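Here the structure comes first, spelled out in structure tokens, and everything after it is commentary.
Protein chains: 2
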Amino acid sequence: MNTTSAGKGRGRGTGRATLEAVAGLAGVSTMTASRALSQPRLVSDATRARVEQAVAELGYVPNRAARALASAQSRVIVVLVPSLSNAVFTAVLDGIHDAVEASQYQLLIGNTRYAAAEEEKLLNIYLQSNPDGVLLSGHADSPHVQRVLGNSRIPIVSMMDLADGPDELSVGFSQIDAGGAMTDYLLGKGYRRIAFIGAQRDERTLRRADGWRRAMAAAGLGDERLEIMVGEPSTIALGAQLMQRALREVPGCDAVFCCNDDLAQGAIYHCQRHGVRVPDDVAVAGFNDLPSSAWMLPSLTTVDTPRYRIGFEAASLLLDVIAGREPAQRRIDLGFTLRPRESA
Amino acid sequence: MNTTSAGKGRGRGTGRATLEAVAGLAGVSTMTASRALSQPRLVSDATRARVEQAVAELGYVPNRAARALASAQSRVIVVLVPSLSNAVFTAVLDGIHDAVEASQYQLLIGNTRYAAAEEEKLLNIYLQSNPDGVLLSGHADSPHVQRVLGNSRIPIVSMMDLADGPDELSVGFSQIDAGGAMTDYLLGKGYRRIAFIGAQRDERTLRRADGWRRAMAAAGLGDERLEIMVGEPSTIALGAQLMQRALREVPGCDAVFCCNDDLAQGAIYHCQRHGVRVPDDVAVAGFNDLPSSAWMLPSLTTVDTPRYRIGFEAASLLLDVIAGREPAQRRIDLGFTLRPRESA
DNA sequence: CTGAAAGCGCTTACAG
DNA sequence: CTGAAAGCGCTTACAG
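Written out as structure tokens, the structure reads:
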């Protein structure tokens, strides 16, 4: 029933109730009030109850900046993704969100737009928040990242692809193996002139192309002319356009392996609108298994990738390391699954 | 060439260079160093140069928590979206990101999962960060929001739908009008038994249904049996399932208006796999205009909604208000565009 | 154009 | 189980 709250009065603060006011109302010291909230078991039941009562009466909300400053712990995790429109990375973010939700950690999400320089710039800015950990969609050992975080002791988890060394923290799957597996599948179905269509030229696309190239070479079918790689972002429209190029420029092309489903869907739509039968005239395969890929006609043969789980597990791993818990593995391979369907 | 840096030494801080160290190295007071960085024009050229030099030598990074505490300004904006897997809201986020990028503001992004209670919970947590503003995907005057932010003076911008009153800050378009416009379009094409398929039962879906219901009633064609509304999240699979229901349960159904493109795409795929011709046997319309909607066969008739721009403009509006600039409008109607295509 | 001092709202060892 | 004091690293009026 106490309506007049304590507090410093004027000053330049936020005007909100402080821990000091809570302590005053509960009749304890500030530090006891602090403990009652952050380490309740170190405080007597009676005290805790009085503090909680005061908190409720005053509508006290702790000030995170003050806590961060005093404890030198920000409880902030920085997340860098190359795109916020690509469904793959929004799924990763979704997983991260879910993993972090119950914790006291907050996310600072940066969009690098597939540019390493942007990554470095964002990291520099986010460093102001003194993050307890970083989640990267790429390799922690890149020069751009090392330049900023190199000697900072801030734990970094690399997402999507796996780290080369066993020390670096990483969660993902082998892009090379996945690219190779799809190529082997297509070879097994009898296709011989399998073109590779890639866009964006990001690390992951390049590795999938590596897997394709190796598998083709191993089959004695390697041919530079089979590779179509552009730097533009992947879209359905671009897929349609590159499919047209493949049909025109790649001699004897009987299958097309696209570096992602957006491109592959565009490729199929191009064929449908131009009377090219899929897979009879040309087979089409994608990568990622977007929800629509299983539903379209023909349904799209693709590689299912565990992006939500990558986000979830990467965040969980990071929280473990931050808390000082030694993780069971520092390198978590979540694998991938081939989805043979109608298009190839 | 000065390699030994100043600083307090032991202590419990972050171990990083402080403004005090920068000031020491530059031979100025802490506050002059502070000014040189935050209000450079209030400082002489020579001083500024010496401070910048010291910053570079020490690799100084300002501590955001300290700044927030001292200034009572967090430079934090809270963003609440109902989903992180729905492409509509990831586009909104993308727009917000781009609008805020050049500013000193950081985003705290919460996923409410379409639950008002979750919204209240998240707001309470984010209040600890003392945000300078809030971006909401819904109405600022909801009881859940009011309970937390009601007497806080923190500016709120509502996204997606428009506010009722002229004072409340909002950026979006009229969901009711958009629902009505699509319905009128279908009526104009001669369809009479137009079913409405809705999922999630979120505010936006309900308003689109309102628009549909009014337009049908105005045409003298209202019929409760035409409405199929479920609470589950929208997916392509659900669209297929609900299309089956519409074909079975709605007498004489000649068109289906789905509350979003995911549902509509699923509806079309269902028809294709069951020999139902679209639009000859039944027309299908969607909402939002996802990238794939223009490409699929038949291409999807839908309503193009400016979600990226909503995010961008909402964030810009909020930044204006925070900065004390009176905005040209407090209620920004970005409209919508009908996209007549092959499916209806 | 520059500075001394106080203060933002918490937490941290250290005692008792 | 509880407390007095110092300190985290900045910025803010107020002077000069």
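Which chain is which? The protein sequence lines are A and B, in order.
Numbered per UniProt numbering, the first sequence spans residues 1 to 344.
Numbered per UniProt numbering, the second sequence spans residues 1 to 344.
By construction, the Cβ of each residue, glycine as well, lies at the ideal position given by its N, Cα and C atoms.
Quantities reported herein were computed from a predicted structural model and do not represent experimental measurements.
Task: Alpha carbon of A:L338 to alpha carbon of B:D281, nearest angstrom - done: Roughly 36 Å separates the two Cα atoms.
Task: chain A contact residues for B:N130, given Cβ-Cβ distances below 9 Å - done: Residues of chain A with a Cβ closer than 9 Å to the Cβ of B:N130 are, in chain order, T14, R16, V61, N63, R64, A65.
- [ ] Kindly say whether A:N260, judged by its beta-carbon, lies nearer than 8 Å to any beta-carbon of chain B.
- [x] No, A:N260 lies away from the interface with chain B (no Cβ there is under 8 Å from its Cβ).
Task: Inter-residue Cα distance where the pair is B:L319 and B:H97 - done: Near 12 Å, if we compare the C-alpha coordinates of B:H97 and B:L319.
Open item on the list: Judging by CA-CA distance, which residue of B:D132, B:A163, B:K121 is the nearest neighbour of residue 401 of chain B?
Closed with: The shown model of chain B, from 1 to 344, leaves out residue 401 of chain B, and the question about it has no answer.
Task: Contact with chain B by A:G198, beta-carbon distance below 8 Å - done: Output row for A:G198: interface = no.
- [ ] Select from the region 106-117 of chain B all residues with a C-beta closer than 9 Å to any C-beta belonging to chain A, and list them in chain order.
- [x] Taking a C-beta cut-off of 9 Å against chain A, the contacting residues of the region 106-117 of chain B are Q106, L107, L108, I109, G110, N111, listed in chain order.
TODO: Answer with buried or exposed for A:G198, where buried requires no fewer than 16 other C-beta atoms within 10 angstroms of its C-beta.
DONE: Classification of A:G198: buried, given that the 10 Å Cβ count is 16 or more.
TODO: List the residues of chain B whose Cβ lies closer than 9 Å to the Cβ of A:A87, in chain order.
DONE: What A:A87 touches in chain B: S85, A87, T90.
TODO: Compare the beta carbon distance of A:V28 and A:V61 with 8 Å and say whether it is the shorter of the two.
DONE: Result no, Cβ atoms of A:V28 and A:V61 do not sit closer than 8 Å.
TODO: Rounded to whole angstroms, what's the CA-CA distance from A:V43 to A:R325? Just pull it up for me.
DONE: Distance from the CA of A:V43 to the CA of A:R325, rounded to the nearest whole angstrom, comes to 26 Å.
TODO: Name, please, each residue of chain B whose Cβ falls closer than 9 Å to the Cβ of A:P82.
DONE: Per Cβ cutoff of 9 Å: no residues; A:P82 is ~12 Å from chain B at best.
- [ ] Determine, using beta carbons only, whether A:T32 and A:A23 come nearer to each other than 8 Å.
- [x] Taking 8 Å as the Cβ cut-off, A:T32 and A:A23 qualify as a contacting pair.
Open item on the list: Would B:F287 and B:T302 be called neighbours here (beta carbons separated by less than 8 Å)?
Closed with: It is a contact, given that the beta carbons lie within the stated cut-off.
- [ ] Find the nearest neighbour of A:L226 within the set A:R207, A:R201, A:C258, judged by alpha-carbon distance.
- [x] Of the listed residues, the one whose Cα sits closest to A:L226 is A:C258.
TODO: Kindly list, in the order they appear in chain A, the residues whose Cβ is closer than 8 Å to that of B:P292.
DONE: In the sequence under discussion, the amino acid at residue 292 of chain B is Ser, which differs from the Pro named in the question. The contacting residues are I236, Q265, S292.
Open item on the list: Quick check: the Cα distance between A:G180 and A:A267, rounded to an integer number of angstroms?
Closed with: Distance between the alpha carbons of A:G180 and A:A267: 21 Å.
- [ ] Would you kindly work out how many angstroms separate the C-alpha atoms of B:S170 and B:I310, rounded to a whole number?
- [x] Spanning the two alpha carbons is a distance of roughly 9 Å.
Task: Residues near B:N124 by beta carbon distance below 8 Å, same chain, minus five either side - done: Cβ within range, chain order: V148.
TODO: Quick one: which unbroken beta strand (DSSP E) runs of 3-plus residues sit fully inside the region 122-206 of chain B? Chain order, please.
DONE: Segments of the beta strand (DSSP E) lying fully in the region 122-206 of chain B: 133-136, 156-160, 169-172, 194-198.
Task: Residues bridged to A:R331 (per DSSP) - done: Per the DSSP secondary-structure output, A:R331 pairs in a beta bridge with A:S170.
- [ ] Please classify B:D289: is it buried, with 16 or more other beta-carbons within 10 angstroms of its beta-carbon, or exposed?
- [x] The residue is buried, with at least 16 neighbouring Cβ atoms inside 10 Å.
Open item on the list: Measuring CB atoms only, is the region 125-142 of chain B touching the region 69-77 of chain B, in the sense that at least three cross pairs come out at less than 8 Å?
Closed with: With the cut-off at 8 Å, the region 125-142 of chain B and the region 69-77 of chain B touch.
- [ ] Could you tell me if B:S38 is buried or exposed, where buried requires 16 or more neighbouring beta carbons within 10 angstroms of its beta carbon?
- [x] Exposed: under 16 other Cβ atoms inside 10 Å.
Task: Residue burial classification, B:H139 (beta-carbon count within 10 angstroms, cutoff 16) - done: Around the beta carbon of B:H139, a 10 Å sphere encloses 16 or more other beta carbons of the protein chains shown; the residue is thus reported as buried.
Task: Where A:Q329 falls, given that 16 or more other Cβ within 10 Å makes a residue buried - done: Exposed, since its Cβ has fewer than 16 Cβ neighbours within 10 Å.
TODO: Closer than 6 Å by C-beta to B:R193: which residues in its own chain qualify, once you throw out the five before and the five after it? Chain order, please.
DONE: Same-chain partners within the cutoff: G252, C253, D254.
Open item on the list: With the cut-off set at 8 Å, would you say B:S85 and A:A218 are in Cβ contact?
Closed with: Their beta carbons are not under 8 Å apart, which means B:S85 does not touch A:A218 by this criterion.
Open item on the list: Quick check on DSSP: helix, strand or coil for A:E342?
Closed with: Look at A:E342 here: in three-state DSSP terms it is coil, with no helix or strand label.
Task: B:L93 to A:A285 span [Cα, whole Å] - done: Taking the Cα positions, B:L93 is about 30 Å away from A:A285.
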